[in-house]
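See structure below.
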Amino acid sequence: FYSRCFWKACRRRKSRVDDALRLRSLARSMDWLNLSDAQRLLISGGVAGSVSKTLTAPLSRLTILYQVHSLVTTKPYAPQYAEGLVSAIRKVVGKEGFLSFWKGNGTSVLHRFPYSAINFYLFENTKRYLRRALDVKSDTTAIRLCSGATAGAMACSICYPLDLVRTRLATQISQPDGGKPYYRGIVHAHYRIVADEGLLGIYGGLCTTLAVQVPNLAISYSVYGFLQDIIGKRNEDNEGHEKVRGSSVGTNLCCGAASGISSTLITFPADVVRRRMQLQPLHRLPTDFRTPLEEMLHISRAEGLEGLYRGLTPELLKAVPMVGCTFMVYELLMDRL
1 FYSRCFWKAC RRRKSRVDDA LRLRSLARSM DWLNLSDAQR LLISGGVAGS
51 VSKTLTAPLS RLTILYQVHS LVTTKPYAPQ YAEGLVSAIR KVVGKEGFLS
101 FWKGNGTSVL HRFPYSAINF YLFENTKRYL RRALDVKSDT TAIRLCSGAT
151 AGAMACSICY PLDLVRTRLA TQISQPDGGK PYYRGIVHAH YRIVADEGLL
201 GIYGGLCTTL AVQVPNLAIS YSVYGFLQDI IGKRNEDNEG HEKVRGSSVG
251 TNLCCGAASG ISSTLITFPA DVVRRRMQLQ PLHRLPTDFR TPLEEMLHIS
301 RAEGLEGLYR GLTPELLKAV PMVGCTFMVY ELLMDRL
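And the structure:
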């Protein structure tokens with residue numbers, strides 16, 4: 001009896017050892033999950049941006065339509081825009097259906113994944129470089145501002161053609177006679193822009209975009225970091241990525257939402273000008289093109305100061321969940337990968 005018990009115990013122990021060895025072997029076979037810090041930053045940033053952009057796509061399209069509704073159309077194929085937020089919703093749903101709110105979202109994701117990946121990667125690495133260069137152990141507001149501005153400038157410049165195409169696709173509304181839209185997809189839109197405006201046409205409005213996005217991202221990163229400093233004690237893991245001790249998903253979401261509100265309120269007038277500059281070739285003859293400053297002055301004279309904040313409500317409704325979700329998903333993935 002004791003002999004049988006002994007051998008059963010030995011077999012159970014051997015079975016547990018074999019299970020442990022199999023698990024260790026499985027772990028070795030999954031070494032691809034042991035991502036480098038650069039890979040973690042790129043994947044986390046790209047996925048976070050794509051998820052948040054898809055969730056807020058309807059509000060993003062409404063914002064763009066509302067921002068550009070007062071453009072004077074001088075070309076026959078240019079779409080007519082809604083007179084306001086409510087009429088924009090009615091027009092889009094009535095002519096194209098509810099799912100059309102995600103029109104251009106494929107382009108948005110193609111743009112947002114590399115854009116966010118480059119953004120977070122450069123932001124984190126620029127912070128590390130500045131900390132070493134300045135011989136400081138923690139991030140300051142100045143470091144976050146400089147890192148956010150650098151990351152934003154590089155990401156915007158690299159991914160701008162897709163941003164332009166996204167805007168052109170999002171502002172198209174189906175023609176009442178059932179005619180084909182001028183841009184029939186991502187590739188066709190690139191082709192038409194180059195054919196109509198030349199090779200540099202895909203970078204039309206880049207300077208205005210940089211003037212908006214660079215301060216927007218610098219402010220967003222700075223406010224997020226500042227709020228996290230207040231709410232929880234920050235520390236660095238051995239790879240240099242900042243973590244918040246004891247922070248929760250809700251904390252990251254709220255801090256991100258607050259940073260989105262702050263950056264949007266400050267940079268929104270320039271964003272209105274940026275959108276209209278991107279759409280000038282569709283609505284004006286080359287002789288009627290305006291510079292960003294001329295466009296801003298024209299909006300102020302023709303529509304008043306409220307014209308520079310046209311679309312602010314849907315933009316804030318979009319910015320709060322989008323920026324909050326971006327930071328939340330980013331922090332979540334960085335902790336899990």
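Per full-length UniProt numbering, the sequence shown starts with residue 1, numbered consecutively.
Just so it is clear, CB atoms sit at the ideal spot from N, CA and C, and this is done for glycine as well.
Identity of the residue in V165, T63 and I186 nearest T313 by Cα: T63
Beta-carbon proximity of A48 to Y330, cut-off 7 Å: yes
Inter-residue CB distance, S157 and Y221 (contact presumed, cutoff 8 Å): In fact, because the Cβ distance is near 18 Å, the residues do not count as touching under 8 Å.
Straight-line gap, G185 to R166 (C-alpha atoms, nearest Å): 10 Å
Buried or exposed by the 16-neighbour rule on C-beta atoms within 10 Å, applied to S138: exposed
Cut-off 7 Å between Cβ atoms - residues of its own chain near A27, not counting five sequence neighbours on either side: The predicted model places A27 with a pLDDT of 44, which falls under 50 and marks its position as unreliable; any figure quoted below should be read in that light. Within the same chain, A27 has no close Cβ partners at all.
Contact set for R168: own chain, Cβ-Cβ below 6 Å, skip 5 residues either direction: Once the five neighbours on either side are set aside, the close Cβ partners of R168 are Y183 and A189.
Status (buried if at least 16 other CB within 10 Å, exposed otherwise) for F98: exposed
Distance between L199 and Q280 (C-alpha atoms, nearest Å): 16 Å
D271 - DSSP class collapsed to helix/strand/coil: helix
Stretch pair the stretch 202-209 + the stretch 307-323: three plus CB contacts closer than 8 Å: no
Proximity of P269 and L297 at Cβ, strictly below 7 Å: no
Selection from M277, W102 and I230 that minimises the alpha carbon distance to T54: W102
Any beta strand (DSSP E) of 3 or more consecutive residues that is wholly inside the stretch 132-184: none
Sequence-distant residues of its chain with Cβ nearer than 6 Å to L217 (five each side left out): G148 and G152
Coil, strand or helix - K127 by DSSP: helix
Range of the contiguous alpha helix (DSSP H) that encloses T313: L312 to R336
CA-to-CA distance, E294 to T74, given in whole angstroms: Residue placement at T74 cannot be trusted, given a pLDDT of 44 that sits under 50; the coordinates are not used to answer.
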